[in-house]
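A.B. asks: Structure in structure tokens, see below.
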Amino acid sequence: MPTTELERPAPEAEQPAPPPPSGNRSQPGKKIAKNAGVLMASQLLTWGLAILVTIYVPRYLGREGIGILGLAESIWAIMATFVSFGMDVLLAKEIARKPERLEQFFGTQIVTRLLLMVVFFAATIVYVNLRHFAPVVITVVIIYGIVEFFAQMARICRASLQGLEEMQYISLADIVSKAVLTVLLLTLLALGYGVVQVALAAILGGMTSFAVQLWPLRRTGRLKLNFDPQLAIWMLRQSIPYLLSLVLLTVYTNIDIQMLEWLTDLETIGLYNVSVRLFGTFLFVPNVFVTAVFPAISRMYASEEDGLPKLLGKSYDLLLVLSIPIGLGLMAVAGPILNLLYPSGEFSGSTPILAGFGIVLILTYLNTLMGKFLIATDRQNSWTVLMAIGVIVTFPLDLVLIPYFAENFGNGGIGGVVAFGVTEGIMLVAGHWLLPRGSLSKANAWVAVRALVAGILMVAAVWMVREWFVFFQIAVGALVYLGVILLLRVIPAEDMAIGREYGLLALAKVRGRLARPARQL
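Counting from 1, position 369 in the sequence shown corresponds to residue 488 in this note's numbering; the numbering is continuous, with no gaps.
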């Protein structure tokens, strides 16, 4: 769809927007650094909470219990795409470009999603009954539908705050909601409750996230629950390209669990889901970065397109240098990590799956950046086509690889991660081709080569100390990687200075949150 059509204002907003306010909006680099620092600080805290949940929920629920949760989450991840209808991206882009439009969108978004939620909740109930799932599975799926209602409300607030570049409130919501959920989950597990009660706890987490993000928006005094049908129709139409991309992305990322349910059993899903959860805890780095940089890319594309290649190149190098030690390190210590987290040995079958996800992680970091870049620069149609190719390729790969690994290795989950890795690789190669000419250069390729050399040497060092305790293995690998990176001068001096400033900002935010009440943040 042409850019002019995507950028067409809502029917009641045909007047030219006033110039952006002075200050941080005119200094995108500082704003990105600030927002990335704020988000990273919150993620450092919530990452620890997520690790606790990832450790203890599988321990208490076992492979079948965690498989039920994974199946329910996967079903609602797909349904949620139709409820949100891609409007999160549109809302963030429109508010980033024209902040004064917040009042026009908010009430219409709330009512529109309520109506969509009713439709797709009913569709989900019909689906799970037609599939003849066990009663406990149906119960958990219904509970997750209630969770999704609050999640949709929170996403409206989150997109609004992202467009306003008020990331500190997004961070606060993540911290508070995950802290509440973690405490409640651990309490329920300690008291001996099961999978249904664990699912119920997620409702409180969703309610908390919504309430915390709604609070700063209400303080603006610009929120109303007025429903404008004409605006709703405009938003739905404008969101169709984002919806197509989102549906394909969601199917693409959840198809493996659905295929495992069709071709194997809940215990295999449990092995796969544990690996997915551990893999997911490391995705906060690209998610934080693209969330912080998205408004700047969108605004820069509309006003100063010449600066985009430099911004993309720097972002690409940063995520590559960060993803290689995390991904290859996860591959190298997958077995020791699982033995440490789940000493009963019940999830030892997850070792090859988690190791495979280590490789996939590197590809996912870069694909996350390229996908957001293409969307922010109104190239979502190209990205949608690429996602469609990924889905088409994934289906036959899963159909072949899952039964093959189940029959020959006793673990169909390995086939799922191999299929995921192949499609992520295809996405990465094609994504480079879709980028505007000149976005990346030989300098980026040279950074990639040197970073890969450092990563390979890191893996070799970890293998040499494989008999050591896992924390010492990680420490040795980190020291080797950092040393080689500095020796090969992978990171320019200018970027090192920015990195130090970024790290100090994140550290200051962490200390501030630990030292001050949340209301002072």
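Every residue, glycine too, gets a C-beta built ideally from N, C-alpha and C.
Excluding the five sequence neighbours on either side, which residues of its own chain have a C-beta within less than 7 Å of the C-beta of residue 693, listed in chain order?
C.D. replies: This structure leaves residue 693 out entirely; the chain is present only between 120 and 640.
A.B. asks: For residue 485 and residue 551, I'd like the C-alpha separation in whole angstroms.
C.D. replies: In a straight line, the C-alpha of residue 485 is about 10 Å away from that of residue 551.
A.B. asks: Excluding sequence positions up to five away, which residues of its chain have a Cβ less than 7 Å from the Cβ of residue 126?
C.D. replies: Here the model assigns residue 126 a pLDDT of 36, short of 50, so the residue's position is not dependable, and the following value carries that caveat. Contacts found: none.
A.B. asks: Could you spell out where the alpha helix (DSSP H) holding residue 318 opens and where it closes?
C.D. replies: Start and end: 314 to 338.
A.B. asks: In whole angstroms, what separates the C-alpha of residue 187 from that of residue 458?
C.D. replies: If you take the alpha carbons of residue 187 and residue 458, they lie about 23 Å apart.
A.B. asks: Do the CB positions of residue 532 and residue 522 come within less than 9 Å of each other?
C.D. replies: Contact flag unset, no.
A.B. asks: Quick check on this structure: which residue in 453, 492 and 367 has the alpha carbon closest to the alpha carbon of residue 408?
C.D. replies: Looking at the Cα atoms, 492 is the closest of the given residues.
A.B. asks: Once the 5 residues before and after residue 589 are set aside, which same chain residues still bring their CB inside 7 Å of it?
C.D. replies: So the qualifying residues of the chain are 452, 455, 456 and 459.
A.B. asks: Mind listing, in chain order, the continuous alpha helix (DSSP H) runs of no fewer than 4 residues lying wholly within the segment 475 to 528?
C.D. replies: The segment 475 to 528 contains these whole alpha helix (DSSP H) runs: 499 to 528.
A.B. asks: To the nearest angstrom, report how far apart residue 442 and residue 480 are at their CA atoms.
C.D. replies: If I take the Cα positions, the gap works out to 7 Å.
A.B. asks: Is the number of C-beta pairs between the segment 294 to 307 and the segment 217 to 234 that are closer than 8 Å three or more?
C.D. replies: Verdict: no, contact absent.
A.B. asks: Since residue 551 is in the alpha helix (DSSP H), which residue starts that stretch and which ends it?
C.D. replies: 531 to 553 is the span of the alpha helix (DSSP H), which, as asked, contains residue 551.
A.B. asks: Looking at residue 214 and residue 224, is the spacing between their C-beta atoms short of 9 Å?
C.D. replies: Yes, the pair counts as a contact, with Cβ atoms nearer than the cut-off.
A.B. asks: Give me the Cα-Cα distance between residue 314 and residue 385, rounded to the nearest whole angstrom.
C.D. replies: Using only the alpha carbons, I get a separation of about 13 Å.
A.B. asks: So is residue 241 buried or exposed if we call it buried at 16+ other beta carbons inside 10 Å?
C.D. replies: It is exposed - the Cβ of residue 241 has fewer than 16 other Cβ atoms within 10 Å.
A.B. asks: At a cut of 8 Å, does the segment 321 to 338 reach the segment 265 to 281 through at least three beta carbon pairs?
C.D. replies: The segment 321 to 338 is in contact with the segment 265 to 281.
A.B. asks: Start and end of the alpha helix (DSSP H) containing residue 610?
C.D. replies: Premise fails: residue 610 is in no alpha helix (DSSP H) and is neither H nor E.
A.B. asks: For residue 447, is the classification buried or exposed, using 16 other Cβ atoms within 10 angstroms of its Cβ as the cut-off for buried?
C.D. replies: Residue 447 should be labelled buried.
A.B. asks: Would residue 245 and residue 252 be called neighbours here (beta carbons separated by less than 9 Å)?
C.D. replies: Going by C-beta atoms, residue 245 is not nearer than 9 Å to residue 252.
A.B. asks: Rounded to whole angstroms, what's the CA-CA distance from residue 140 to residue 399? Just pull it up for me.
C.D. replies: Caution applies to residue 140, whose pLDDT of 38 falls short of 50 and renders its modelled position unreliable; the model cannot decide the point.
A.B. asks: Taking the Cβ atom as the reference point for each residue, do residue 483 and residue 402 lie within a distance shorter than 9 Å?
C.D. replies: Going by C-beta atoms, residue 483 is nearer than 9 Å to residue 402.
A.B. asks: Distance, Cα to Cα, residue 388 vs residue 175?
C.D. replies: The alpha-carbon atoms of residue 388 and residue 175 are separated by roughly 17 Å.
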